[in-house]
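First to last, the sequence lines map onto chains A and B.
In this text, residue positions in the first sequence follow the numbering used here: the first is 5, and each later residue adds one.
In this text, residue positions in the second sequence follow the numbering used here: the first is 71, and each later residue adds one.
Glycine residues also receive a C-beta, built at the ideal position from the N, C-alpha and C atoms.
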Amino acid sequence: MAHAKGQQHPISIYLAIWGLLFVLSTMSYLVDYFGFQSYLRWSLILLFMLLKAGLIVSFFMHMRWERLALRCAILAPPIAVLVLVGLMTLEANYTLLTRLVFFAKDF
Amino acid sequence: MAYETVKGAEQAAAVPAGWQGLADDWSADRQVFKNVPWGKAMMWIFLLSDTFIFSIFLTSYMTVRMSTTVAWPNPSEVFALTIGGTEFPLILIAIMTFILISSSGTMAMAVNFGYRRERGKTAALMLVTAFFGLTFVGMQVFEWTKLIEEGVRPWGNPMGAAQFGSTFFMITGFHGLHVSVGVIILTIVALKVLRGDYERSGNYAAVEITGLYWHFVDLVWVFIFALFYLW
């Protein structure tokens with residue numbers, strides 16, 4: 005079994021992922037170069053970011069060949085971060101509103 | 071009866087007390103992650119904790135950027151470079167991204183050659199990875215110097231919201247520290263590979279564990295690149 009001797013996969017897989025990461029990075033740079041704005045910009049940035057992160061974790065870090073126990077133990081906890089992001093979005097909007105109402109007389 | 075006593079004594083001998091007992095209780099016969107060396111499992115758990123540190127940094131950046139009433143400096147302009155009379159937006163950061171991705175590619179191949187027990191190729195690829203890492207840190211030093219000369223400080227800057235400087239120095243500084251530590255670990259492990267340390271045990275998991283750390287550094291940069299520089 006390949007796992008008993010450590011992660012062993014054909015080099016061609018790594019080269020293919022490497023190439024894909026280059027293409028995705030170029031595409032995310034082009035988003036800025038062409039000056040896309042607003043929701044188109046944000047959705048493209050997030051899409052390329054998640055694709056790149058997924059490729060690195062699943063292939064370079066071998067997560068797709070690990071057992072489910074390890075995958076769940078490592079990949080599930082970061083989902084909690086989304087709760088923090090949600091809470092801080094509410095908090096940031098509240099802070100901004102308070103600042104606009106009480107402090108920013110020029111705005 | 072005598073049999074019972076002997077068995078009890080055997081069990082007492084098999085379960086040591088004190089610190090050794092504590093270590094054994096937590097490790098022996100309690101394997102959750104099958105086919106994964108403990109060092110690799112521990113590296114994954116460390117990376118998970120590091121994920122939370124960087125998540126908290128990026129979330130605090132999001133919070134201050136959303137809540138400020140002053141306009142945020144445009145990263146596309148702040149990080150633009152003029153090459154041969156033409157101004158390229160964000161070009162330095164793009165080059166840094168490609169360098170870090172390339173280093174991830176060479177690292178993945180080093181892990182592969184390690185398990186094939188090709189020592190020379192493994193060490194060479196790891197040293198190439200470390201060199202890419204050093205180049206990255208060098209470019210970051212250039213970027214920091216340029217921004218500091220332009221008057222960007224953790225407490226303010228001439229381009230806009232004061233929080234730009236504090237989040238920039240904190241996030242990229244902490245990432246740069248990770249890259250620098252990675253370069254040191256890569257060099258040490260590469261030299262150990264060359265010296266044949268892992269040849270004696272036949273276990274090249276150390277190369278894969280180093281690789282996990284290095285890919286994580288690249289992974290964090292993917293998020294910083296998207297959320298700080300491109301947003």
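Excluding its 5 nearest sequence neighbours in each direction, residue 193 of chain B has C-beta neighbours in its own chain below 7 Å: 260, 263 and 264, listed in chain order.
Under the three-state reduction of DSSP, residue 213 of chain B is assigned to helix. For residue 203 of chain B, the secondary structure class from DSSP, reduced to helix, strand or coil, is helix. The way I'd put it, the segment 188-202 of chain B doesn't touch the segment 53-72 of chain A; fewer than three beta-carbon pairs between them come closer than 8 Å.
Of all residues in the segment 85-96 of chain A, only 85, 88, 89, 92, 93, 95 and 96 come within less than 8 Å of chain B when Cβ atoms are compared, listed by chain position. C-alpha of residue 83 of chain A to C-alpha of residue 155 of chain B: approximately 46 Å in a straight line. Within chain B, the residues 182, 185 and 186 have their CB atoms less than 8 Å from the CB of residue 12 of chain A, given in chain order.
When B:210, B:290 and B:203 are compared, the shortest CA-CA separation from residue 239 of chain B is found for B:210. Between residue 102 of chain B and the set A:61, A:72 and A:26, the nearest pair of CA atoms involves A:72. In the structure shown, residue 147 of chain B adopts helical secondary structure according to DSSP, grouped into three states. Apart from sequence neighbours up to five positions away, the residues of its chain that approach residue 157 of chain B with a beta-carbon distance below 7 Å are 150, ordered along the chain.
The shortest C-alpha to C-alpha distance from residue 233 of chain B to any of B:92, B:141, B:288 and B:119 is the one to B:141.
Below 8 Å, too few C-beta pairs join the segment 126-144 of chain B and the segment 173-185 of chain B to call them touching: fewer than three.
Residues of chain A whose Cβ lies closer than 8 Å to the Cβ of residue 171 of chain B are, in chain order, 22, 25, 26 and 29. When rounded, the separation of the alpha-carbon atoms in residue 161 of chain B and residue 77 of chain A is 38 Å. The residue from A:96, A:102 and A:28 with its alpha-carbon nearest to that of residue 48 of chain A is A:28. Relative to residue 255 of chain B, the option among B:199, B:293, B:299 and B:224 whose CA is nearest is B:199.
For the options A:69, A:70, A:39 and A:26, the alpha carbon positioned closest to that of residue 53 of chain A is the one of A:26.
Pairing residue 128 of chain B with residue 297 of chain B gives a Cβ-Cβ distance under 8 Å. Residue 95 of chain A carries a helical assignment under DSSP once its states are collapsed to helix, strand and coil. Close to residue 229 of chain B, with beta-carbon spacing below 8 Å, lies no residue of chain A; the smallest spacing is near 17 Å.
Taking each of A:14, A:10, A:16 and A:22 in turn and checking the Cα distance to residue 285 of chain B, the smallest one comes out for A:22.
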